[in-house]
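Peer 1:
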Amino acid sequence: IFFIVVNEFCERFSYYGMRAVLVLYFKYFLGWDDDFATTIYHTFVALCYLTPILGAIVADSWLGKFKTIVYLSIVYALGQVIMAVSAIHDITDTNRDGTPDNMTFHVALSMVGLVLIALGTGGIKPCVAAFGGDQFEDHQEKQRSTFFSIFYLSINAGSLLSTVITPILRAQECGIHVPQKCYPLAFGVPAALMVVALIVFIVGSGMYNKTAPQGNILVKVCKCIGFAIKNRFQHRSPQYPKRSHWMDWAEEKYDKLLIAQVKMVLKVLFLYIPLPMFWALFDQQGSRWTLQATTMDGDFGILIIQPDQMQTVNPILILILVPIMDSVIYPLISKCKLNFSPLKRMTVGMFLAALAFVAAGLVQIQIDQTLPQFPSDTVSQAKFINMLDRKLPIRAGANNFTLDPFTVLFWELRTLGPLPPTPCRIIFWCHRDSKRHFILYVSYIHARGTSVALIAVFLVRAAYRIKDNAGKECLYTQSLGFGSSYTLIIKPTFQFGQNCTESIQPVMDISPNSFHMAWQIPQYFLITAGEVVFSVTGLEFSYSQAPSNMKSVLQAGWLLTVAVGNIIVLIVAEAATLSEQWAEYILFASLLILVCIIFAFMAYFYTYIDPTKIEAQFAHNDDDEKKRKSVEMVRKDSFQNHNKNRRSSDSNFDENKFKNSRL
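When you number the sequence shown by the UniProt record's numbering, it's gap-free, plus one each residue, and the end is 663.
Structure (structure tokens):
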């Protein structure tokens with residue numbers, strides 16, 4: 001049991017740690033825009049929740065749980081290693097400027113790694129918990145319950161620690177030639193933990209109780225449904241009598257108990273249809289909400305919160321809200337004699353998630369008021385730097401303006417005309433900053449004057465060393481706030497010495513983020529409260545309404561709703577033409593409220609059942625059927641014996657009569 005729990009802790013640390021920094025890796029390392037980064041992120045998450053069905057079928061039908069976990073863990077670890085290698089910019093940085101020169105290579109490696117990770121983590125997801133349950137005998141229910149409590153504690157512990165630690169590793173700088181944000185370390189540590197998880201699991205091999213594959217109930221259910229549909233289609237003619245339920249058309253091949261169990265499962269799966277919309281909003285914590293945090297101020301005074309660390313608010317709030325809900329809220333509602341049924345709880349959870357996105361939209365409106373206005377697709381932006389100790393007249397097309405000494409000016413032009421001759425040399429260059437985007441610099445260099453552009457997405461205090469050929473050095477430090485951009489102008493009067501920094505003039509191009517990251521806490525509180533009410537209650541409801549041998553089928557259906565929810569996000573991210581992010585948040589909130597109303601309507605007409613009673617009824621009917629058949633067999637045997645005796649008596653009578661006749 002120890003090996004299984006440690007394996008699960010390391011695997012969850014590996015998965016959630018990698019996922020915490022994934023969307024920032026897409027944006028700042030691969031250079032993708034917010035929409036495309038969001039699309040690929042949710043495609044990956046969708047794959048992670050589609051592959052558990054495949055893993056369950058493979059484990060139950062062919063390999064068994066142990067071999068499935070081992071083989072897919074190898075695939076999983078290989079994918080994590082490939083992701084770590086793909087984030088090493090020095091591999092293709094031939095000119096040593098800190099920027100990969102062959103981005104296609106890094107993108108290809110990343111995609112291969114993510115596919116392998118999705119196959120691995122999804123494939124072992126339904127196997128590990130079930131394999132742990134197999135280690136206990138039927139009389140060890142108390143020990144099994146304790147195991148599952150520790151097992152799920154290890155899941156939460158792994159996800160919480162990884163979401164805290166991995167962003168810290170990413171914020172470090174590493175590199176052979178030019179240090180950059182350390183994504184290789186952020187992916188490498190989860191890869192190492194996954195290798196440790198695999199080794200620990202294999203070490204305990206001799207102690208496990210390994211059950212042979214006995215067939216997958218999901219496959220059997222699908223075959224039963226398929227046969228019912230096929231049989232109904234073949235007998236669609238009016239001459240065939242109708243049956244009370246379309247699943248009854250499977251009676252020619254499958255027993256009535258299985259058909260009744262499938263009916264109960266389908267009844268619950270029908271209620272699952274609206275649920276993906278909840279997950280479409282919930283899983284955006286790792287994409288849209290993380291990107292939103294990059295435009296906010298994470299300075300909490302005693303500690304600096306990285307944008308991807310805000311995701312830790314969710315597991316922390318879960319640990320707080322679950323006992324409060326179970327011990328305070330639900331008992332209080334029960335004392336008030338309110339019928340707060342499981343389906344009503346799920347409806348409230350969906351409504352809370354919609355409110356969370358309304359809160360996110362309001363936060364985004366406030367953020368937009370503090371952000372700089374970047375040029376649109378039809379506008380060009382030039383950056384003019386006056387390195388002269390006098391005013392400099394500039395004419396760009398039909399626009400005329402004057403630059404003060406040692407100042408910077410951004411100017412937007414719809415058409416850039418030829419720049420007039422100036423006493424300064426003009427240099428244009430395009431530099432891709434790994435923490436931002438492509439930036440066009442227009443620098444004016446005169447005498448010994450030069451300029452340096454600095455951009456910070458995260459809060460740092462940067463130090464710069466200026467050296468000459470004689471070995472003299474000047475150390476300059478500059479505090480860079482979240483999202484700020486500075487241009488450092490080194491004046492022509494610069495001289496090395498104790499007061500060398502006085503000749504360096506910082507010019508703020510973009511002011512630091514001023515809207516605090518703490519304003520995201522209300523939306524995290526609402527989405528987490530919705531998760532506790534929706535997800536925990538949904539699983540409890542599903543298990544209470546499912547037959548004893550088909551709970552895995554509903555678990556597969558539940559995971560499928562998560563996958564479909566992520567597919568909805570990537571469709572909206574690519575199809576929506578909304579120019580404002582707050583409008584997209586409100587769109588998602590509106591869609592979920594609409595779905596919430598539909599779900600409430602469906603729940604109103606749902607009739608709760610007791611699967612154990614229905615199964616017991618069919619078992620009783622089967623016993624009666626067996627007794628009836630037994631009585632019929634006894635009667636048939638008695639009748640046959642009676643006929644046999646009668647034929648024997650008649651034969652003796654005829655024989656005696658024949659003898660008497662001859663006599």
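Think of the CB as a built atom: it goes at the ideal place given N, C-alpha and C, for glycine as much as any other residue.
In terms of DSSP beta bridges, what is C474 paired with?
Peer 2: I466
Peer 1: Where does the unbroken alpha helix (DSSP H) through N566 begin, and where does it stop?
Peer 2: 551-575
Peer 1: DSSP three-state call for H516: helix, strand or coil?
Peer 2: strand
Peer 1: Sort out for me which residues DSSP pairs D33 with in a bridge.
Peer 2: Answer is none; D33 lacks a bridge partner.
Peer 1: Which same chain residues end up closer than 7 Å to T347 when comparing Cβ atoms and leaving out the 5 residues on each side of it in sequence?
Peer 2: C596, F599, A600, A603
Peer 1: Would DSSP call Q505 helix, strand or coil?
Peer 2: strand
Peer 1: Buried or exposed: K472, going by 16 or more other Cβ atoms within 10 Å of its Cβ?
Peer 2: Counting every other CB atom within 10 Å of its CB across the protein chains shown gives K472 a total below 16, marking it as exposed.
Peer 1: With three or more C-beta pairs closer than 8 Å as the rule, is the region 74-93 touching the region 215-229?
Peer 2: no
Peer 1: Going straight from the alpha carbon of K335 to that of L480, what length do you get?
Peer 2: 55 Å
Peer 1: Give the DSSP bridge partners of P393, in chain order.
Peer 2: T402
Peer 1: Looking at C-alpha atoms only, which residue of L257, P372, A356 is the closest neighbour of S548?
Peer 2: L257
Peer 1: Around the C-beta of N561, are 16 or more other C-beta atoms found within 10 angstroms, so that it is buried, or is it exposed?
Peer 2: It should be pointed out that residue 561 corresponds to Thr in this sequence rather than to Asn. Per the 10 Å Cβ criterion, buried.
Peer 1: Check whether the region 188-206 and the region 93-110 touch, using three or more Cβ-Cβ pairs below 8 Å as the test.
Peer 2: no
Peer 1: Specify, as a first and last residue, the run of the alpha helix (DSSP H) that T94 falls within.
Peer 2: Run containing T94: none; DSSP gives neither H nor E here.
Peer 1: Please classify I302: is it buried, with 16 or more other beta-carbons within 10 angstroms of its beta-carbon, or exposed?
Peer 2: exposed
Peer 1: Can you tell me the Cα-Cα spacing of I1 and P307, whole angstroms?
Peer 2: 36 Å
Peer 1: Got a sec: does the ligand NAD put a non-hydrogen atom nearer than 6 Å to the Cβ of I74?
Peer 2: Annotation note on the ligand NAD: not contained in the displayed structure, which lists no ligands.
Peer 1: Applying the 10 Å Cβ sphere with the 16-neighbour rule, what's the burial state of N216?
Peer 2: buried
Peer 1: Taking DSSP as the reference, what is the three-state secondary structure of L480?
Peer 2: Residue state, collapsed to three classes: strand.
Peer 1: Going by C-alpha to C-alpha distance, which of R12, D35, L338 sits closest to S154?
Peer 2: R12
Peer 1: Please classify V328 as buried or exposed, where buried requires at least 16 other C-beta atoms within 10 Å of its C-beta.
Peer 2: exposed
Peer 1: With the cut-off set at 7 Å, would you say R236 and W249 are in Cβ contact?
Peer 2: no
Peer 1: May I ask you to list the residues that DSSP assigns as paired with K613?
Peer 2: According to DSSP, K613 bridges with nothing at all.
Peer 1: Hey, quick one: how far does the alpha helix (DSSP H) through G158 stretch, first residue to last?
Peer 2: 141-171
Peer 1: Give me the Cα-Cα distance between M310 and V195, rounded to the nearest whole angstrom.
Peer 2: 27 Å
Peer 1: Please report how far the alpha carbon of L291 lies from the alpha carbon of F300, in whole angstroms.
Peer 2: 19 Å
Peer 1: Leaving aside the five residues before and after V75 along the sequence, list all residues of the same chain whose C-beta is less than 8 Å from its C-beta, in chain order.
Peer 2: Closer than 8 Å at the Cβ level, and outside the excluded window around V75, lie L116, L119, G120, G123.
Peer 1: Give the DSSP-derived three-state secondary structure of I385 in the structure shown.
Peer 2: Note: I385 maps to strand in three-state DSSP.
Peer 1: Can you tell me where the alpha helix (DSSP H) with T528 in it begins and where it stops?
Peer 2: 521-531
Peer 1: If the criterion is Cβ atoms closer than 7 Å, does the pair T166 and A37 meet it?
Peer 2: no
Peer 1: To the nearest angstrom, how far is it from the Cα of S162 to the Cα of P190?
Peer 2: 8 Å
Peer 1: Beta-carbon within less than 7 Å of P405's beta-carbon, same chain only, minus the 5 sequence neighbours each way: which residues are those?
Peer 2: Taken in chain order, the residues that qualify are N386, L388, D389, R390, K391.
Peer 1: DSSP three-state call for Q309: helix, strand or coil?
Peer 2: helix
Peer 1: Return helix, strand or coil for D60, following the three-state DSSP convention.
Peer 2: helix
Peer 1: For A470, count neighbouring Cβ atoms within 10 angstroms of its own Cβ and tell me buried if that reaches 16, exposed if not.
Peer 2: exposed
Peer 1: For D324, collect the residues of the same chain with a Cβ closer than 6 Å to its Cβ; drop the 5 residues on either side in sequence, then sort them by chain order.
Peer 2: Sequence check: residue 324 is Ile here, not Asp. So the list is empty, once near-sequence residues are dropped.
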